[in-house]
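Taken in sequence, the protein lines are chains A, B and C.
Each residue of the first sequence is one higher than the one before, counting from 15 in the numbering used here.
Each residue of the second sequence is one higher than the one before, counting from 104 in the numbering used here.
Each residue of the third sequence is one higher than the one before, counting from 6 in the numbering used here.
Have a look at the structure below, then the notes.
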Amino acid sequence: MSENSLRSTRWGWAIRCLVIPACLILLSDQRQAVAGKDELTIGITQFPSTLNPNIDAMAAKSYVLGATLRPFTVYDADWKLVCLLCVKLPSIEDGDAVPVDLPDGKKGIDLTFTIRPDASWGDGVPVTTEDVLFTYQVGRDPASAVANGELYRRITDITVKDDKTFTLRVDKLTFDYAAINDFVLLPAHLERSAFNEPAQYRVRTRYDNDPTNPGLYNGPYRISEIAAGSHISLEPNPSWQGPKPHFRRVTIRAIENTAALEANLLSGTIDMVAGELGFPLEDAIAFEKRHRDAYQIVYKPSLVYEHVDCNLDSPVLADRRVREALILGLDRDAMTGQLFAGQQPVADSFVNPLDSGYSTDLPHYRHDPERAAALLEAAGWRKQANGPRIDANGNRLTLELMTTAGNRSRELVEQVLQSQWRRIGVEVRLRNEPARVLFGQTLRHRQFQLAMYAWISSPENVPRSILHSREIPGPGNSFAGQNLSGFNNPETDRLLDALEVELDPARRHSLWAELQRLYATELPSLPLYFRSSVFVLPKWLSGVRPTGNQYPSTLWITDWKPEQ
Amino acid sequence: MKLPLVLLCLLAAASFGAPLAAAVLGVDARSVDLLDRVADPSLQHPLGTDELGRDVLLRLLEGGRVSLAVGGAAALASAVLGTIIGLAAGYVGGWTDRVLMRLTDGVIALPLLALLIVLAALDLGKLGLPREFIQSEEVSVFRIIALATLVGWTTTARLVRGGTLIARSQDYVRAAQSLGASTVHVLRWHVLPNVVGPLLVATALSVGDIILLESVLSFLGLGIQPPMASWGNMLTNAQELIESAPLLAIYPGVMIFVTVICCNMFADALHKRLDPRQAAGA
Amino acid sequence: MIRFVSIRLVEIAVTLALMSFVIYGLIGLMPGDPIDLMRSSDPRASAADVARLKAAYGLNRPLGERYLAWAGAAFAGDLGYSRLFSEPVLSAIRPRLVNSLLLMGAGFTLALLLALLLGIAAARRPNSRLDRIVNLLCFAGVSMPSFWLALLVILLFSVELRWLPASGIATAGRGDLADRLKHLVLPVATLTLINLGPYTRFVRAAMRDALTRDHIRTARAKGASEARVVMHHALRPALIPLVTILALSCGNLVSGALVTETMYSYPGMGKLIFDAVMGNDYNLALATLLLATAVTMGANLAADVAYCCLDPRVSLR
Numbered sequence: 015m016s017e018n019s020l021r022s023t024r025w026g027w028a029i030r031c032l033v034i035p036a037c038l039i040l041l042s043d044q045r046q047a048v049a050g051k052d053e054l055t056i057g058i059t060q061f062p063s064t065l066n067p068n069i070d071a072m073a074a075k076s077y078v079l080g081a082t083l084r085p086f087t088v089y090d091a092d093w094k095l096v097c098l099l100c101v102k103l104p105s106i107e108d109g110d111a112v113p114v115d116l117p118d119g120k121k122g123i124d125l126t127f128t129i130r131p132d133a134s135w136g137d138g139v140p141v142t143t144e145d146v147l148f149t150y151q152v153g154r155d156p157a158s159a160v161a162n163g164e165l166y167r168r169i170t171d172i173t174v175k176d177d178k179t180f181t182l183r184v185d186k187l188t189f190d191y192a193a194i195n196d197f198v199l200l201p202a203h204l205e206r207s208a209f210n211e212p213a214q215y216r217v218r219t220r221y222d223n224d225p226t227n228p229g230l231y232n233g234p235y236r237i238s239e240i241a242a243g244s245h246i247s248l249e250p251n252p253s254w255q256g257p258k259p260h261f262r263r264v265t266i267r268a269i270e271n272t273a274a275l276e277a278n279l280l281s282g283t284i285d286m287v288a289g290e291l292g293f294p295l296e297d298a299i300a301f302e303k304r305h306r307d308a309y310q311i312v313y314k315p316s317l318v319y320e321h322v323d324c325n326l327d328s329p330v331l332a333d334r335r336v337r338e339a340l341i342l343g344l345d346r347d348a349m350t351g352q353l354f355a356g357q358q359p360v361a362d363s364f365v366n367p368l369d370s371g372y373s374t375d376l377p378h379y380r381h382d383p384e385r386a387a388a389l390l391e392a393a394g395w396r397k398q399a400n401g402p403r404i405d406a407n408g409n410r411l412t413l414e415l416m417t418t419a420g421n422r423s424r425e426l427v428e429q430v431l432q433s434q435w436r437r438i439g440v441e442v443r444l445r446n447e448p449a450r451v452l453f454g455q456t457l458r459h460r461q462f463q464l465a466m467y468a469w470i471s472s473p474e475n476v477p478r479s480i481l482h483s484r485e486i487p488g489p490g491n492s493f494a495g496q497n498l499s500g501f502n503n504p505e506t507d508r509l510l511d512a513l514e515v516e517l518d519p520a521r522r523h524s525l526w527a528e529l530q531r532l533y534a535t536e537l538p539s540l541p542l543y544f545r546s547s548v549f550v551l552p553k554w555l556s557g558v559r560p561t562g563n564q565y566p567s568t569l570w571i572t573d574w575k576p577e578q
Numbered sequence: 104m105k106l107p108l109v110l111l112c113l114l115a116a117a118s119f120g121a122p123l124a125a126a127v128l129g130v131d132a133r134s135v136d137l138l139d140r141v142a143d144p145s146l147q148h149p150l151g152t153d154e155l156g157r158d159v160l161l162r163l164l165e166g167g168r169v170s171l172a173v174g175g176a177a178a179l180a181s182a183v184l185g186t187i188i189g190l191a192a193g194y195v196g197g198w199t200d201r202v203l204m205r206l207t208d209g210v211i212a213l214p215l216l217a218l219l220i221v222l223a224a225l226d227l228g229k230l231g232l233p234r235e236f237i238q239s240e241e242v243s244v245f246r247i248i249a250l251a252t253l254v255g256w257t258t259t260a261r262l263v264r265g266g267t268l269i270a271r272s273q274d275y276v277r278a279a280q281s282l283g284a285s286t287v288h289v290l291r292w293h294v295l296p297n298v299v300g301p302l303l304v305a306t307a308l309s310v311g312d313i314i315l316l317e318s319v320l321s322f323l324g325l326g327i328q329p330p331m332a333s334w335g336n337m338l339t340n341a342q343e344l345i346e347s348a349p350l351l352a353i354y355p356g357v358m359i360f361v362t363v364i365c366c367n368m369f370a371d372a373l374h375k376r377l378d379p380r381q382a383a384g385a
Numbered sequence: 006m007i008r009f010v011s012i013r014l015v016e017i018a019v020t021l022a023l024m025s026f027v028i029y030g031l032i033g034l035m036p037g038d039p040i041d042l043m044r045s046s047d048p049r050a051s052a053a054d055v056a057r058l059k060a061a062y063g064l065n066r067p068l069g070e071r072y073l074a075w076a077g078a079a080f081a082g083d084l085g086y087s088r089l090f091s092e093p094v095l096s097a098i099r100p101r102l103v104n105s106l107l108l109m110g111a112g113f114t115l116a117l118l119l120a121l122l123l124g125i126a127a128a129r130r131p132n133s134r135l136d137r138i139v140n141l142l143c144f145a146g147v148s149m150p151s152f153w154l155a156l157l158v159i160l161l162f163s164v165e166l167r168w169l170p171a172s173g174i175a176t177a178g179r180g181d182l183a184d185r186l187k188h189l190v191l192p193v194a195t196l197t198l199i200n201l202g203p204y205t206r207f208v209r210a211a212m213r214d215a216l217t218r219d220h221i222r223t224a225r226a227k228g229a230s231e232a233r234v235v236m237h238h239a240l241r242p243a244l245i246p247l248v249t250i251l252a253l254s255c256g257n258l259v260s261g262a263l264v265t266e267t268m269y270s271y272p273g274m275g276k277l278i279f280d281a282v283m284g285n286d287y288n289l290a291l292a293t294l295l296l297a298t299a300v301t302m303g304a305n306l307a308a309d310v311a312y313c314c315l316d317p318r319v320s321l322r
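Here it is in structure tokens:
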């Protein structure tokens, strides 16, 4: 047998075997590219670990559950508290919220809610007060691993009036008394058996063992398919009585790498990228420059407050003048203008301009290197011919700035900070650590000087855990506080305590203003900006309203519709 | 053999001479200019500027210094460590050999990531390292060198062990032993020369591998930390801008590619030269 | 021989037990746990919540105690629950293991076939133009950072040409064979490109070695056809060292390819192990890492035995 004939028979056969099926695969299905607009594929950067609404707080999970479960109350895109599963918000004026005096002398409140009469689980079982009682039981149980137990601890009792109406007794009268956002109902008829042993609930819950069971969902969609780590498909919930959703199927695809996410969008594998878990802003800006004509790109400033915490125990940073010099040395306007195309508003304090508590009456720190230099001189840091400033003992003005390693936005910004601070004679060293190390160890034990990270809050959130002196992490609170700067200011403590229980809007507003002024004057941390989320949507899709708060846009998915 | 070596030397010379180039151009690799981002090439910035307005040429050279230093140092360190372990295993034999070889197997299967995160989190102060060093930016470079060494010595160890086993059974080694030569002497003068060829080849290869490893670690966010540049982190950062500023991704990509390919070709040529039978066949 | 294998099996068992301890210790040494991470971004999480959750997940007990509890249960066959995926460890692993076996197996087989083809062709005519091109290709393949290669492949075939999907394992609501194969093409191609270089060089070197041996010259002198010389006399001895490559690749079959999987959002073992380690999911991390270790070591042993069977000159002691 000659060499050529060998090649033509065996290899030829092999090649045919490989090539023909490949062509068939390629040609077999081009339907996807020209799919009718009754399907929507969304890209997000994370795959949810659990789907149980009460276990583990995770953005990817709330995104998926937004379309499939109705919470009682949430903040909407205007940051107003609204009812989703209930008929109306209780209020003192209407008489369905009644302040009460508790036996221990404190003030509490009784709240009466009514579940929407048409609310029903996907298997046709109506949502009733039975579910309310069951959820409460799960939430109260310390063994059940509910992520946010605060609300359940505050509710001391539930009185059931009928199948749909119940009254909660809350042991603290706060201004946002009607918000029971963390109270997300579990279907008692399905979940009760999983809760026989509370400690086993987190592994037995049907949300993870039988996630496509329609009875687990009471929203416009239900989960119809899960490919672990890859995608989750939603189909309309047959027992949903509200406005009909417009898509026959919604697929949520997890693509962690943002470069790959962009490629998927451009290739048509996904139709849109969710802002809640999508492109970093600077990538989206670059994307917009090239693809403005093919996509709608919506920017929404959010409650994610990026800032630099100053460790006030550090002798250098304990001096307020140094902190003020640091912020005056920054050109934050240029930073957001150049790096983020002006889409990321500069922050003056931790309160977002969209928040009802926002005040304009506080110091704004414009870029002012001269004043920064004067302040540093006054604080005893003398200028050198070259190199950083030194104090009377010849110590160099050197600070260490930390942030989360691998977060590209923050890495870019920290290098800008370093460069700008060098111009006012402050030498800054960068030391980044993976998030788990930074948050788990370094910040918790306050082993840092400057740390850049973000707080994610909710509308009208009282920043007790980040500013109150009792929340300074230490052995006393088993290092669980979040006042990482070590800010210890009696007036702030007083304002925080008063703010929580002040019901009068006008007086509350002045307390808010006072708190922000104090924060912006004392500068326990240096405000940078509020992060913007970016929604990249196809031109044919309308009705998507970014909220900018932690409640995902999918809660209003029935408004999403394809343009004719 | 010549071309790859010349190219490598040129790259190294350029990288380590970067401060000089900076002085000539009058720019600083770290000076951020927000008003001059992603600029086109100009006289002042021959390759343009990156997403923070820094000079790309200088950053490439600085990155080259870091990448080459990491590759070279880690390859050298793993060669030394691997040689010691391989010699011990092969020459002493018996239980020493067994334990060392299972250790090698274990390290090959070791979770690289867990090790890396532990290293990233390790309090270096407790190891008695000076404070100045811990706070310096170069610390991430040393972490990666340490890591690459900790996982990289296994190839060399196996290679050296194999060579040692062969040498040990040779008559001249037995003769030296029976003449009362010390173990160190026998290893140094009779065993090591037998394995030095493959050792050199493996080391040249591992320089390239480590440069690639550094880029992958950067991809995972665990590599060289800013503001220090490395080809790996430049490439990782630029992949997001691949559409709008493709050159930013192409430069470091090409640098890694050229360096690694040169290392491989150099190793290949070295191998051919050291293995006469291969050379005769070629 | 039996003695050799049984000793090695005992050694493997001991190594695995030691490894489990080392891995547990390594993960335990890493600062921060998932509850700390959760707390860091959520200002509403109170100190009470943190303490309660740590107790619920058993994170407040000392490391040694937790390890012993795990080892006891694992020995009894209970690998526990994955905290990260809220399902039993085995059911978290199973689908991803299948995905990985598919991806890695296909990539490996293709690369090996192509390597044989190219390697043999190159070895037959050393220093020919073909040999040089193959050589250059091999070097190119190994000299590219894998994430970079994957990105270029996606940009070309998904974005520019729009031939193939860029991510995932299947189209939602379909998942039939053709659809799944379609999703495999790009990741498999990427992996093949990555593996092709070393394999081809290996095959070429082995073939070159075999072709210059005396018995080949004898065969040629006896007038055997070129095809017979190559396929019969040279390839067979050259294949023996390939066993080593096979053995080494077995470990990769179960440990996956982290970078390729990340770039193609392909849920495989590489990503699973990474997430488990990063997320402090002890049960899952231990199970996956030990599985990979066991397979690697087992394959090594199998390779040694195979060597012995294939090559009578090798004896096992």
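Where a beta carbon is used, it is the ideal one built from N, C-alpha and C, also for glycine.
query	result
With respect to the alpha helix (DSSP H) encompassing G256/C, which residues constitute its N-terminal and C-terminal limits?	L247 to S260
For D222/A and chain C, any beta-carbon pair shorter than 8 Å?	yes
For the beta strand (DSSP E) that C314/C lies in, which residues bound it at each end?	Unbroken run through C314/C is the alpha helix (DSSP H), Y287 to L315; no beta strand (DSSP E).
If you follow the alpha helix (DSSP H) that G300/B is part of, which residue opens it and which one closes it?	L295 to F322
Measure from the C-beta of G209/B to each C-beta in chain C and report whether the shortest distance is under 8 Å.	yes
Short of 7 Å in beta carbon distance, which residues of its chain neighbour I32/C, apart from the five on each side in sequence? Order them along the chain.	V282, N285, Y287 and A290
Among the residues of its own chain, which have a CB less than 6 Å from the CB of L342/A, if the five just before and after it don't count?	Y379, D382, R385 and A386
Quick one: does T272/A have its CB under 8 Å from some CB of chain B?	yes
Within the 8 Å Cβ cut-off, does Q432/A reach chain B?	yes
Using only the heavy atoms of the ligand NAP, determine whether one of them is closer than 7 Å to the beta carbon of E425/A.	For the structure depicted, the ligand NAP is absent and the ligand set is empty, with no information on it obtainable.
Does DSSP classify I311/A as helix, strand or coil?	strand
Cutting at 6 Å between CB atoms, please list the residues of its own chain near Q46/A, excluding the five before and the five after it.	Note that Q46/A has pLDDT 42, beneath the 50 cutoff, so the model's placement of it is unreliable and the number below is only indicative. Here the set comprises nothing.
Measure the Cβ-Cβ separation of V310/B and G197/B and say whether it is below 8 Å.	no
Any idea what DSSP makes of A279/B, helix, strand or coil?	helix
Beta-carbon of S148/C versus every beta-carbon of chain B: anything under 8 Å?	yes
Look at the alpha carbon of N325/A and the alpha carbon of V442/A, and state the distance between them as a whole number of angstroms.	15 Å
Opposite C112/B in the DSSP bridges: which residues?	C112/B pairs with nothing; no bridge assigned.
How about the region 272 to 280 of chain A and the region 527 to 537 of chain A: do they share at least three Cβ pairs that are nearer than 8 Å?	no
Around the Cβ of C100/A, are there at least 16 other Cβ atoms within 10 angstroms (buried) or fewer (exposed)?	buried
If you reduce the DSSP assignment to three classes, tell me which class E266/C lands in.	helix
Jot down the residue ranges of each uninterrupted beta strand (DSSP E) in the region 236 to 316 of chain A, minimum 3 residues, whole runs only, in chain order.	245 to 250 and 263 to 268
Are at least three pairs of beta-carbons, each pair with one atom in the region 136 to 145 of chain C and one in the region 153 to 162 of chain C, less than 8 Å apart?	no
Three-state secondary structure (DSSP) at G562/A?	coil
By alpha-carbon positions, which one of A241/A, G289/A and S158/A ends up nearest to Y215/A?	S158/A
Going along the chain, which unbroken runs of the beta strand (DSSP E) with 3 or more residues stay wholly within the region 464 to 515 of chain A?	464 to 470
Just to confirm the assignment, what range does the beta strand (DSSP E) spanning V96/A have?	L95 to C97
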